[in-house]
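Asker: Take 1 as the starting number for the sequence shown in the working numbering and just add one per residue.
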Amino acid sequence: MPTLPIRGDAVRALDLPLPPERMPALRRGRPLKRWRYVGVYGPELMLCVGDARIAGVPQRWWAVALPDGRLFEGSRVDAEVIDISLDEGPGVEVVSPHGRSYIWTRKQAGIHVSGTVRVAGREFRVEGPLGFVDESAGYHARRTTWRWSAGIGRSRDGRAVAWNFVDGVHDAARESERTVWVDGEPHEVAPQAFAADLSTVGELRFSEWSAREDHTNRLVIRSDYRQPFGSFSGALPGGLELESGYGVMEWHDVRW
Numbered sequence: 001m002p003t004l005p006i007r008g009d010a011v012r013a014l015d016l017p018l019p020p021e022r023m024p025a026l027r028r029g030r031p032l033k034r035w036r037y038v039g040v041y042g043p044e045l046m047l048c049v050g051d052a053r054i055a056g057v058p059q060r061w062w063a064v065a066l067p068d069g070r071l072f073e074g075s076r077v078d079a080e081v082i083d084i085s086l087d088e089g090p091g092v093e094v095v096s097p098h099g100r101s102y103i104w105t106r107k108q109a110g111i112h113v114s115g116t117v118r119v120a121g122r123e124f125r126v127e128g129p130l131g132f133v134d135e136s137a138g139y140h141a142r143r144t145t146w147r148w149s150a151g152i153g154r155s156r157d158g159r160a161v162a163w164n165f166v167d168g169v170h171d172a173a174r175e176s177e178r179t180v181w182v183d184g185e186p187h188e189v190a191p192q193a194f195a196a197d198l199s200t201v202g203e204l205r206f207s208e209w210s211a212r213e214d215h216t217n218r219l220v221i222r223s224d225y226r227q228p229f230g231s232f233s234g235a236l237p238g239g240l241e242l243e244s245g246y247g248v249m250e251w252h253d254v255r256w
């Protein structure tokens, strides 16, 4: 296996099967896990739509969060509820070692979203650079634990900003997935410390609207998961002060 981690254009030169190519179902005894998560983060509403496959077993979900604390969720993605299109780009790719094998991710942030969301008897129009996409795949270790934050906002000097912070996967000191986007340009940043209760990450403070949670204990999968939606204040790495910020925090502890 090549020396890892690797970030950026060099990922595509690796002699490893990576999406969109088909990846083997097993590698060194570890089953393939892969998922695609789409988030839309703004002041009027936030949402996520996800599709995961763990050892080939599918799981789908969606959620819409409103600033008054109401949360709407489902397991069948329905265009009558969420009907959006995304203007996707190349994103930031990273391949890292994990356990006996490797894992891959591609993150996109601040991508243009257009469409409608219908919840609580209302139709919301969604338009603008509010989107975040997380695509991940690989042969994670039997037990994997991470904390993660993703968000979209604007700095006090008027620049469009977005961020992706993590601790637990793709978190090497260099060649990590940690990224701050400023006016669409990605910049890798240093490790950011997460509070155990997800109230802060780095110099950002988090105010929760509502949270998705899942606690699963099956024969081969045990998962404890919490992902709150909310608003952010404070500063991004490099001292960029937020005028506004919306997104998620996440804690996930899984045996799979």
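All residues carry an ideal CB built from backbone N, CA and C; glycine is no exception.
From HIS140 to GLU203, what distance separates their C-alpha atoms?
Answerer: Roughly 29 Å separates the two Cα atoms.
Asker: Tell me which residue opens and which closes the beta strand (DSSP E) that ARG76 is part of.
Answerer: Taken as a continuous stretch (DSSP letters only), ARG76 belongs to no beta strand (DSSP E), as it is neither H nor E.
Asker: By the three-class DSSP mapping on this structure, what secondary structure does VAL64 have?
Answerer: Residue state, collapsed to three classes: strand.
Asker: Please report the straight-line C-alpha distance between ILE6 and GLY121, rounded to a whole angstrom.
Answerer: 47 Å
Asker: Whose CA, out of GLU185, VAL133 and MET1, lies closest to the CA of ARG36?
Answerer: VAL133
Asker: Could you check the C-alpha separation between LEU45 and VAL92 for me, to the nearest Å?
Answerer: 26 Å
Asker: May I ask you to report which of helix, strand or coil DSSP gives ALA120?
Answerer: ALA120 falls in the coil class under three-state DSSP.
Asker: Which one or two residues does DSSP pair with LEU86 in a beta bridge?
Answerer: VAL113
Asker: Spatial neighbours of LEU130 within its chain, please: C-beta separation below 7 Å, excluding the five flanking residues on both sides.
Answerer: Counting only Cβ-Cβ distances below 7 Å, and skipping sequence neighbours, we find VAL40, TYR41, GLY42, VAL113 and ILE152.
Asker: Does ALA141 come out as helix, strand or coil in the three-state DSSP assignment?
Answerer: Of the three classes helix, strand and coil, the one that applies to ALA141 here is coil, per DSSP.
Asker: Answer with buried or exposed for ARG212, where buried requires no fewer than 16 other C-beta atoms within 10 angstroms of its C-beta.
Answerer: Buried.
Asker: With a cut-off of 8 Å on the beta carbons, I'd call MET23 and PRO17 a contact; round off their distance for me.
Answerer: 5 Å
Asker: Please list the terminal residues of the continuous beta strand (DSSP E) segment that includes GLY239.
Answerer: From DSSP, GLY239 is part of no beta strand (DSSP E); its letter is neither H nor E.
Asker: Can you round the beta-carbon distance between PRO19 and GLU135 to whole angstroms, since I take them to be within the 8 Å contact cut?
Answerer: 7 Å
Asker: Hey, would you say VAL94 sits closer than 8 Å to TYR102, going by beta carbons?
Answerer: no
Asker: Which residues share a DSSP beta bridge with ASP224?
Answerer: Bridge pairing for ASP224: HIS215 and ASP253 [DSSP].
Asker: Write down the C-beta distance between SER75 and ARG60 rounded to the nearest angstrom, noting that I regard them as a contact closer than 8 Å.
Answerer: 6 Å
Asker: Considering ALA162, what are the terminal residues of the beta strand (DSSP E) in which it resides?
Answerer: 160-167
Asker: Flag this pair as yes or no: are the beta carbons of TRP146 and VAL166 separated by less than 8 Å?
Answerer: In contact: TRP146 and VAL166 (Cβ atoms closer than 8 Å).
Asker: Beta carbon of LEU198, beta carbon of PRO237: below 8 Å?
Answerer: no
Asker: Should ALA195 go down as buried or exposed, given a rule of 16 or more other Cβ atoms within 10 Å for buried?
Answerer: exposed
Asker: On the criterion of 16 or more Cβ atoms from any shown chain inside 10 Å, does ARG156 qualify as buried, or is it exposed?
Answerer: Answer is exposed; the Cβ neighbour count stays below 16.
Asker: Mind checking which residues open and close the beta strand (DSSP E) that includes LEU47?
Answerer: 46-54
Asker: Just checking my contact of ALA25 with GLY56 at CB under 8 Å: how many whole Å lie between their CB atoms?
Answerer: 6 Å
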